[in-house]
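Quick notes on the structure that follows.
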Amino acid sequence: VFICWLAVFVRADAEDDIAFSAGESDTTKFGQAKSVRYLLYDVNPGEGFNLRRDVYMRVTNLVKELNKEEPWVLVLPPWGRLYHWKSPDLEQIKIPWSTFFDLPSLREHVPVIEFEEYLKLRGEPVIDEVYYLQGFKGGWTKWEEKMNITECNEGTGFVQDEEGNWYSWFFGYEEVYAKKFACLSYMGHATFIKPFLLKNTIGRCVMLPRAEVLLHDHFGNSEYWKARRSMVFAKHLRDIGDEFRRENLDSTDPEDKTELEDWTKMKRNHGDALGGPYVGVHLRRRDYLYAREGNLPSLKGAAKQIKKILKKYNLQKVFVATDAPSEEFEEFKNYFKKSKVYRFVPSKEIKEKYKDGGVAIIDQWIAAHARYFVGSYESTFSFRIQEEREILGFDPDMTFNRLCPDNDSDCEKPSIWKIVY
Ligand code: GFB
5 VFICWLAVFV RADAEDDIAF SAGESDTTKF GQAKSVRYLL YDVNPGEGFN
55 LRRDVYMRVT NLVKELNKEE PWVLVLPPWG RLYHWKSPDL EQIKIPWSTF
105 FDLPSLREHV PVIEFEEYLK LRGEPVIDEV YYLQGFKGGW TKWEEKMNIT
155 ECNEGTGFVQ DEEGNWYSWF FGYEEVYAKK FACLSYMGHA TFIKPFLLKN
205 TIGRCVMLPR AEVLLHDHFG NSEYWKARRS MVFAKHLRDI GDEFRRENLD
255 STDPEDKTEL EDWTKMKRNH GDALGGPYVG VHLRRRDYLY AREGNLPSLK
305 GAAKQIKKIL KKYNLQKVFV ATDAPSEEFE EFKNYFKKSK VYRFVPSKEI
355 KEKYKDGGVA IIDQWIAAHA RYFVGSYEST FSFRIQEERE ILGFDPDMTF
405 NRLCPDNDSD CEKPSIWKIV Y
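Going letter by letter, the sequence shown gives residues 5 to 425 in my numbering.
Take a look at the structure:
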């Protein structure tokens, strides 16, 4: 149904500009069909890639709910300017979602288009209404769902020109402007904003910056997992990861029992997946050493823990996904005398094409296929690997593990987030 709507309205927009007049139904050509509307969002600039993926899931399920009333399309916010994407030689803005994800898979869940596709369809670089989400001033003592258009709590980065148009970062597209801007204090789940969007906004495209303020409607139920399962990585990245597995880690899908199917049909039991004959580690370093001080091991401590795992499961190889600088990786590797330790090092071409984000996904993909996985305390990067393994059908004991700090070898295990169909 979603894809039909998308197809109808993409055609309508291409054929006839009138289909874009705000809030009107184009009933002349398409019977009683309502004009499609667009929802665009953005996330706090300081957030990393894998928290942003979580925000996508919240917004996607909001769009799914909106589509029960009238056709809405989610406009995918281009990737760029992320704090952790530091490679100095790469330009990392205006990156489309198709660089990282498989768009047909996303569209099996809700209708989505890239921002550039939206601009092309619209024919004018305009966003009709922007509601900048924020918490209620002074915080809260009692949790209740409420929202209110109020003055802005802090600088928003939106400025108005003499003609009344609003300008902001807009993902690096300097020509883009908004016609209307307001701050919206908000406390609630994502779909709590649904009546507001349906009844109190009329613009064809509504944008919600700081969408992390919207909470998950359901955390961990089948809707959550549908959104998550639809986030299939782009094939070009999976292929690179698979080649690395095959060439270095003796790991192939038929042998590892990790073959991927269309996500809408794929349903695995825990323990169906065996995984390649290696331990997958997510060794988060850099800013995390300060942010999670006391919860991470030293390099030597991490190596000691991994050697134990290798022995227990009779494995000889280790794959390390890490943001560590190469000197740290070399030090870590030197703690292993008998086992082989691998890291994915991208060619110049891969890096230029798929950027820091693509390389991180390849790391996640390889780590997700390991027989046993161990991650870093509360890292969303590790969480997403764990979810990938739930989708593939690993035994939770082989997935929900973390590296302990040196002074607490029996540290608490991560929560188990089992897949729900
Ligand atoms: O993904 P992310 O939100 O996870 O942010 P955390 C970490 C980023 O660092 C990733 C890089 O998106 C990558 O760009 N990175 C981390 C890695 N681990 C790896 C890895 O194994 N391989 C590669 N190639 N890249 C939170 C952040 O990070 O940490 C917050 O979201 C804050 O903004 C906090 O910085 C301290 O949940 O680990």
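We treat Cβ as the ideally placed atom computed from N, Cα and C, and that holds for glycine.
- As summarised for the stretch 336 to 422, the continuous alpha helix (DSSP H) elements at least 4 residues long and confined to that stretch are 352 to 372 and 384 to 396, given in chain order.
- Per DSSP, Phe-162 is not a residue of any alpha helix (DSSP H), being assigned neither H nor E.
- Taking a contact to require three or more Cβ pairs closer than 8 Å, the stretch 75 to 84 and the stretch 39 to 52 qualify as touching.
- Residue state for Asp-132 is assigned as strand, using DSSP reduced to three classes.
- Cβ-Cβ distances below 8 Å link Ile-99 to Pro-82, Trp-83, Gly-84, Lys-359 and Gly-361 in the same chain, with the five nearest sequence neighbours on each side left out; the list follows chain order.
- Pairing His-220 with Glu-149, the inter-Cα distance amounts to about 13 Å.
- Sequence-distant partners of Leu-396 (beyond 5 residues in either direction) whose C-beta falls short of 6 Å from its own C-beta, in its chain, are Thr-262 and Ala-277.
- Sequence-distant Cβ neighbours of Cys-408 in its own chain, meaning closer than 6 Å and more than five residues away, are Cys-415.
- At the C-beta level, Asp-260 and Gly-280 come within 7 Å of one another.
- The residues Phe-404, Asn-405 and Arg-406, in chain order, have a CB closer than 7 Å to that of Lys-417 in the same chain once the five nearest residues on each side in sequence are set aside.
- Between Val-130 and Lys-183, the alpha-carbon positions lie close to 7 Å from each other.
- Linking Lys-68 to Glu-227 through their CA atoms gives a straight-line distance of about 10 Å.
- At a threshold of 6 Å, Asn-48 does not count as near ligand 1, since its beta carbon sits no closer than that to any of the ligand's heavy atoms.
- Between Trp-369 and Gly-284, the gap from beta carbon to beta carbon reaches 7 Å or more.
- Taking the Cβ atoms as the reference, Tyr-282 lies roughly 4 Å from Lys-321, within the contact range of under 8 Å.
- For Asn-152, the enclosing beta strand (DSSP E) stretches over residues 150 to 154.
- A distance criterion of 6 Å places the beta-carbon of Glu-149 beyond contact range of ligand 1, judged by its closest non-hydrogen atom.
- As computed with DSSP, Lys-321 is found in a beta bridge with Tyr-282 and Lys-344.
- Relative to ligand 1, His-88 has its C-beta within less than 6 Å of a heavy atom.
- When only Cα atoms are considered, Ala-374 and Ile-310 end up about 13 Å apart.
- Per DSSP, the continuous alpha helix (DSSP H) segment holding Tyr-294 begins and ends at 292 to 295.
- Here Arg-290 has Asp-327 as same chain residues with Cβ atoms under 7 Å from its own Cβ, once five neighbours each way along the sequence are excluded.
- Residue range 53 to 70 is occupied by the alpha helix (DSSP H) that includes Leu-55.
- Residue nearest to Arg-57 within the set Lys-72, Phe-104 and Glu-74 is Phe-104 (criterion: CA-CA distance).
- Beta-carbon to beta-carbon, Arg-288 and Ser-383 are separated by about 5 Å, close enough to satisfy the 8 Å threshold.
- When the Cα atoms are used, Phe-248 and Pro-115 turn out to be separated by approximately 33 Å.
- Looking at Gly-52, Lys-239, Leu-43 and Ser-413, the one whose alpha-carbon comes closest to that of Tyr-292 is Gly-52.
- Looking only at Lys-269, Thr-205, Leu-94 and Pro-199, the smallest Cα-Cα distance to Lys-352 is reached by Leu-94.
- For Tyr-190, the three-state secondary structure derived from DSSP is strand.
- Taking the Cα positions, Asn-157 is about 20 Å away from Lys-146.
- In the DSSP assignment, Lys-184 forms a beta bridge with Glu-133.
- At least one heavy atom of ligand 1 is found less than 6 Å from the C-beta of Tyr-292.
- Residue pairing for Leu-287: DSSP places it in a beta bridge opposite Thr-326.
- About 7 Å separates the Cβ atoms of Glu-74 and Arg-41, confirming a contact at the 8 Å cut-off.
- Uninterrupted alpha helix (DSSP H) stretches at least 4 residues long and entirely within the stretch 72 to 145 occur at 107 to 111 and 119 to 126, given in chain order.
- Under the DSSP assignment, Leu-303 falls in the alpha helix (DSSP H) whose first and last residues are 303 to 316.
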